[in-house]
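The structure appears below as structure tokens.
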Amino acid sequence: MDTHPVIVTQPYRPLHPLHLLLAGSAFPLFLGALIADIAYARSYEIQWTNFASWLLVGALVFAVIALVWALVSLLTPTARTRTRFIYVGLLALTCLLGFLNSLVHAMDAWQKMPQALVWSVLCVVSIGASLWFALGGTLRRPEVLP
Numbered sequence: 001m002d003t004h005p006v007i008v009t010q011p012y013r014p015l016h017p018l019h020l021l022l023a024g025s026a027f028p029l030f031l032g033a034l035i036a037d038i039a040y041a042r043s044y045e046i047q048w049t050n051f052a053s054w055l056l057v058g059a060l061v062f063a064v065i066a067l068v069w070a071l072v073s074l075l076t077p078t079a080r081t082r083t084r085f086i087y088v089g090l091l092a093l094t095c096l097l098g099f100l101n102s103l104v105h106a107m108d109a110w111q112k113m114p115q116a117l118v119w120s121v122l123c124v125v126s127i128g129a130s131l132w133f134a135l136g137g138t139l140r141r142p143e144v145l146p
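Residue numbers (UniProt numbering): 1 to 146.
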């Protein structure tokens with residue numbers, strides 16, 4: 001008996017281009033906050049931490065709107081794939097990490113430095129992973145059942 005994998009041909013529902021724009025706009029802002037934290041770690045010029053705090057606020061605005069949109073899109077049955085759930089989970093993790101990062105950035109400038117840099121790296125890695133699931137083609141592949 002020869003068993004071949006079965007490709008599930010459920011209709012694919014791609015992410016809306018505006019949704020991709022919102023999620024993609026958070027990445028350069030999180031990256032800018034990381035670069036500002038690196039600049040502060042090298043120069044101890046307090047204005048870099050203020051700049052990083054504002055970049056985090058902008059990144060969180062875009063990420064939270066994209067997260068709400070992604071959660072609403074899960075209401076349709078065609079959007080409920082395993083990779084879409086991973087994407088929404090990573091986007092929620094990014095919002096949580098970004099919120100915690102903004103709390104760390106609200107501390108005194110001399111007190112927050114080692115922690116702020118680590119939180120910014122975690123935010124960039126998290127938003128990068130969620131964008132990889134959104135843009136990297138994994139949402140476009142059909143799911144194969146053995």
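Where is the CB? At the ideal position from N, CA and C, for every residue including glycine.
Exercise. Within the chosen definition, does the region 75-84 reach the region 35-47 through at least 3 CB pairs nearer than 8 Å?
Worked result: The region 35-47 and the region 75-84 do not touch, with fewer than three beta-carbon pairs separated by less than 8 Å.
Exercise. Taking all protein chains shown into account, do 16 or more other C-beta atoms lie within 10 angstroms of the C-beta of residue 98, making it buried, or fewer, making it exposed?
Worked result: Residue 98 comes out buried.
For this session: Return yes when the Cβ of residue 53 is within less than 9 Å of the Cβ of residue 90, no when it is not.
Result: Not closer than 9 Å, so no.
Exercise. Looking at C-alpha atoms only, which residue of 34, 88, 83, 68 is the closest neighbour of residue 101?
Worked result: Distance from the Cα of residue 101 is smallest, within the candidate group 34, 88, 83, 68, for 34.
For this session: Grab me the residues of residue 139's own chain with a C-beta within less than 6 Å of its C-beta, minus the 5 sequence neighbours each way, in chain order.
Result: Model confidence at residue 139 stands at a pLDDT of 48, short of 50, so the residue's coordinates are unreliable and nothing is read from them.
Exercise. Any idea what DSSP makes of residue 110, helix, strand or coil?
Worked result: Of the three classes helix, strand and coil, the one that applies to residue 110 here is coil, per DSSP.
Exercise. Taking residue 46 as the reference, which of 121, 134, 111 has the closest Cα?
Worked result: Nearest to residue 46 by C-alpha distance, out of 121, 134, 111, is 111.
Problem set entry | Cβ-Cβ separation, residue 22 to residue 62 (assumed contact under 8 Å), whole Å | Taking the Cβ atoms as the reference, residue 62 lies roughly 5 Å from residue 22, within the contact range of under 8 Å.
Exercise. Cα separation between residue 67 and residue 104?
Worked result: One C-alpha to the other measures close to 22 Å.
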